[in-house]
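Worksheet for the structure shown next.
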Amino acid sequence: MTDDKLELYIFIDAFGWELLKRNQWFLEGLITDRKPLETVFGYSSACVPSIITGEYPAAHGYWSSFYYSPRTSPFRTAAPWLKLLPGPLAERGRIRRYISAALKKICGFSGYFNLYNVPFEYLPYFDYQEKEDIFAIDSLGGRQTVFGALREQKAPLFIETRHSDAGKIESFIKAVRHGRPGFAYLHMGELDALLHANGKTSGIVTKKLREYDNLIRTAYREAGSRYKAVELTVFSDHGMKDIEAPHDLVSEVEALGLGYGKDYIAFYDATMARFWFLNDPARNRIGSMLDRVKTGSVLSDAELKSMGAYFPDHKYGELIFLMKPGILINPSFMGRKPVFGMHGYHPSDPDSCAMIIKNGPIPAHVNKITDVLKGRGIKADSRCCAMKA
Ligand SMILES: [Zn+2]
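Laid out in structure tokens, this is it:
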């Protein structure tokens, strides 16, 4: 047993404050403090970089995954071949997952990549933001990440982002048995997919939380037997909204008769549509059509600025149309079939809210997801046991 202290951070994707309120038994007896956390506008592609840099997307530059940039598109070579795939085959989820993995390799991406339902013929219009593994590089858009800072200090750091969630706990247990990390970060990703597929009241979700409860208690017990003190923090990036209704926005835009790639470019996320315009008539017609859609609204520059998601070069869209919470753009470039849960709505919606729980008092300044790891760091130490699976 060492006399060291371990800071153990367990991130659980999409474990929102509202879900925690419904499952108050979670880590009961171990956790002594809990708090809602204000999220960052966008998807995990915006939230996670914000968590690990402690900055908003406008500062670190990571917001959505795909952005209009035909000149730099890494998909130009592969897209014409993909178009040759017969439609029904290309639409199969499993086939698209294989294609995503192949494209990731061809394009040399090391970060998270998913092609979702983006039409192959539109891929050459887009570039992709998260080309590199954001946990492995030391800074994002010139902003140092907490891991970059710890690596610079040669701090004994353990990061687990690759295995299954249960595998991450196993790998953590090995790390504390055989090494002496002072700071550990486990990135749990499986709850998010279950919430999308089932909604937050599903028994499948409750079962997953029970599994996390067991896994975290096991990890904590193991660490507790080897360290004098273990500071446990479990937190998330955003919540999940149960879907109330789908909305076929793509058909409404296409009914205007404008040409995709000739008059405009659009990227249809599940909760927002982002547009770039190639001429003024297209800008006006799409703009006035969207004004009539009552299930969402165009975000003003002032609103985007207030959310830290305004980009003066309009990299992620010249016009961003956000759906009301619970309304799903369907079909979208994220999927063809409606799902039961979605995130990426306005951060002010209660279901957007993230959470933090801790086996000790949560500092008063921690109120937003950008506050959790901000300024974290441990004393410089020559031993380094970084394990990257
Ligand atoms: Zn998700």
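Our numbering puts the first residue of the sequence shown at -11, with every later residue one more than the last. All C-beta atoms in this analysis are idealised placements derived from N, C-alpha and C, irrespective of residue type, glycine included. None of these values were measured; they are calculated from a predicted model.
Distance from the C-beta of A185 to the nearest heavy atom of ligand 1 is not below 8 Å.
Y116 carries a strand assignment under DSSP once its states are collapsed to helix, strand and coil. The three-state reading of DSSP puts L266 in coil, since its state is none of H, G, I, E or B.
The three-state reading of DSSP puts D21 in strand, counting E and B together. Comparing alpha-carbon positions, the option among Y104, N105, Y31, Y110 lying closest to A66 turns out to be Y110.
In this structure, P37 keeps its C-beta atom at 9 Å or more from the C-beta atom of I161. About 6 Å separates the CB atoms of I231 and F328; that is less than 8 Å, so the two are in contact. For Y100 against E118, the beta-carbon gap comes to about 6 Å, under 8 Å, which counts as contact.
If you draw a straight line from the Cα of Y215 to the Cα of L(-6), it comes to about 7 Å.
The closest heavy atom of ligand 1 lies 8 Å or more from the beta carbon of A90. About 30 Å separates the beta carbon of D1 from that of D289, a gap too long to meet the 8 Å contact definition. Taking all protein chains shown into account, Y256 has 16 or more neighbouring C-beta atoms within 10 Å of its C-beta and is therefore buried. Shortest gap from the CB of Y31 to any heavy atom of ligand 1: under 8 Å. In the three-state reduction of the DSSP assignment, V238 falls in the helix class. Assignment of alpha helix (DSSP H) within the segment 102 to 175, counting only whole runs of 4 or more residues, yields 134 to 140, 153 to 166 in chain order. The closest heavy atom of ligand 1 lies less than 8 Å from the beta carbon of H331. Annotation for K(-7): the continuous beta strand (DSSP E) segment containing it runs -7 to 0.
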